[in-house]
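Going down the list, the sequences are from chains A and B.
Residue 111 is where the first sequence ends in the working numbering, and the numbering goes up by one at each step.
Residue 1112 is where the second sequence ends in the working numbering, and the numbering goes up by one at each step.
Backbone N, C-alpha and C fix where the C-beta goes; we use that ideal spot for every residue, glycine too.
Bear in mind the structure is a predicted one, so any value in this text is a computation, not a measurement.
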Amino acid sequence: QKEVEQNSGPLSVPEGAIASLNCTYSDRGSQSFFWYRQYSGKSPELIMSIYSNGDKEDGRFTAQLNKASQYVSLLIRDSQPSDSATYLCAVNKNTGNQFYFGTGTSLTVIP
Amino acid sequence: EPEVTQTPSHQVTQMGQEVILRCVPISNHLYFYWYRQILGQKVEFLVSFYNNEISEKSEIFDDQFSVERPDGSNFTLKIRSTKLEDSAMYFCASTQGAYGYTFGSGTRLTVV
C-alpha cells in the first residue's frame, strides 16, 4: 500500500477557475501535511502546510485536512497560467523524520 | 530569503566512478536530508541527518552511499561506485524541525 496517493492527472482548468487537488495517506499516525509545487526540472517549493483538521487559507491557496478520512486537499482559487506545475502532497509522522511524497498531480491552467 | 545551496548543478560521471554531491543547508536548520527524483517519478527519501549522525535511511541508501557534515556548514552525499540507475536529480533539504523542508535547487547526476 502506498503511503501517499494522489491522482496523477493531468488536471486542466481554465484561467480564473478553482483547481482542486486531492491526496490520501495510509498512516493514521501522520502529524504534518504539506503541499509542494514543482515546475518541470526544478526543485519542490513549499506552498502550504497544515497540521490540524479543518481549513487553512493563504492567499489564493486553501489546504483542507480531514484526519478521520485521511484526506488532504489543496484548492487554488482564481487559477493563473503560472500555477501550471506538478503539485506534490507530502506527509510526515514525526519531527525530523522523512516526508512521504505522493507521485504528484500535474495541473495545467489554460489561458 | 535563506536558501539551500547545491553544487554542482549537473554532474556527468562514468559508471563505477565516485561522486560527491555538495549542499550548504540553511544555517539555523537542524535536520538535513537527501532525496532523489528519477525523471518522471516521485521524490524518494534517501537519508536524514541530525545531531551529526544518520537518523533514518531508506532501502535505497545502501553501502554505496554515505553522508558527511565535515565542517558544520557543508552536507555531502557520496556515491562510491555509481551505477546507471543512480542517474537522477538529487535534492538536499533542511528544516528547523516541525516545518516543511526547504529544498535546494538540485544536482542532476548523469551516469554514462
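Rounded Cβ spacing between residue i and residue j (contact assumed at less than 8 Å)
i, j, result
"E1018 of chain B", "R1108 of chain B", "About 17 Å; that fails the 8 Å criterion."
"L88 of chain A", "Y36 of chain A", "4 Å"
"N1074 of chain B", "R1022 of chain B", "6 Å"
"G9 of chain A", "L107 of chain A", "7 Å"
"Y1090 of chain B", "W1034 of chain B", "6 Å"
Selection from the options that minimises the alpha carbon distance to residue i
i, options, result
"D44 of chain A", "B:R1022, B:Q1014, B:T1007, B:S1094", "Rather than Asp, the amino acid found at residue 44 of chain A in this sequence is Pro. Among B:R1022, B:Q1014, B:T1007, B:S1094, the Cα nearest to that of P44 of chain A is on B:S1094."
"S1055 of chain B", "B:R1069, B:Q1037, B:Y1031", "B:Y1031"
"E5 of chain A", "A:I110, A:L11, A:V91, A:Q80", "A:V91"
"I1008 of chain B", "B:C1092, B:L1046, B:Y1099", "The identity of residue 1008 of chain B in the sequence shown is Pro, whereas the question assumes Ile. For P1008 of chain B, the nearest C-alpha among the options comes from B:C1092."
"V1024 of chain B", "B:T1110, B:T1082, B:G1106, B:V1112", "B:G1106"
"F1044 of chain B", "A:G102, A:S73, A:G29", "Residue identity check: residue 1044 of chain B is Glu in the sequence provided, not Phe. Answer by Cα proximity: A:G102."
"Q1097 of chain B", "B:T1076, B:H1029, B:T1110", "Here the sequence assigns Gly to residue 1097 of chain B, which means Gln is not the residue at that position. Selected option, being the one with the closest Cα: B:H1029."
"S1059 of chain B", "B:V1047, B:E1068, B:T1013", "One detail in the question is off: residue 1059 of chain B reads as Glu in this sequence, not Ser. Nearest C-alpha to E1059 of chain B: B:V1047."
"G59 of chain A", "A:S49, A:S69, A:I76", "A:I76"
"C23 of chain A", "A:S30, A:A68, A:V72, A:K42", "A:V72"
"S1084 of chain B", "B:G1040, B:N1052, B:Q1014", "In the sequence on display, residue 1084 of chain B carries Leu and not Ser. Considering only alpha carbons, the answer is B:Q1014."
"F61 of chain A", "A:S69, A:L74, A:G96", "A:L74"
"G104 of chain A", "B:L1039, B:E1001, B:E1003, B:F1065", "B:L1039"
"A68 of chain A", "A:S26, A:M48, A:K93, A:S20", "A:S26"
"Q98 of chain A", "A:P111, A:T86, A:S30", "A:S30"
Listed by chain order, chain A residues near residue i by CB distance under 7 Å
i, result
"Y1099 of chain B", "S49"
"F1091 of chain B", "S43"
"E1056 of chain B", "N97, Q98"
Three-state secondary structure (DSSP) of residue i
i, result
"L46 of chain A", "strand"
"P1070 of chain B", "coil"
"D83 of chain A", "helix"
"E5 of chain A", "strand"
"E1001 of chain B", "coil"
"L21 of chain A", "strand"
"L1084 of chain B", "helix"
"E15 of chain A", "coil"
"Q1064 of chain B", "coil"
"I1079 of chain B", "strand"
"T1107 of chain B", "strand"
"Q1041 of chain B", "coil"
"L1021 of chain B", "strand"
"I1054 of chain B", "strand"
Residue i: contacting residues in chain B (beta-carbon distance under 7 Å)
i, result
"L88 of chain A", "V1043"
"F101 of chain A", "K1042, V1043"
"F115 of chain A", "Nothing in the structure corresponds to residue 115 of chain A, since chain A is present only between 1 and 111."
Proximal residues of chain B, C-beta to C-beta of residue i below 8 Å
i, result
"L107 of chain A", "Result: empty, since nearest Cβ-Cβ is about 16 Å, beyond 8 Å."
Residue i: contacting residues in chain A (beta-carbon distance under 8 Å)
i, result
"S1105 of chain B", "K42, S43"
Chain-ordered chain A contacts of residue i [CB-CB under 9 Å]
i, result
"S1048 of chain B", "G96, N97, Q98"
Listed by chain order, chain B residues near residue i by CB distance under 9 Å
i, result
"L46 of chain A", "Y1099, G1100, Y1101, T1102, F1103"
"G104 of chain A", "K1042, V1043"
field: Whole runs of the beta strand (DSSP E) within the stretch 52-100 of chain A, excluding any shorter than 3 residues
entry: 54-58, 61-66, 71-76, 85-92
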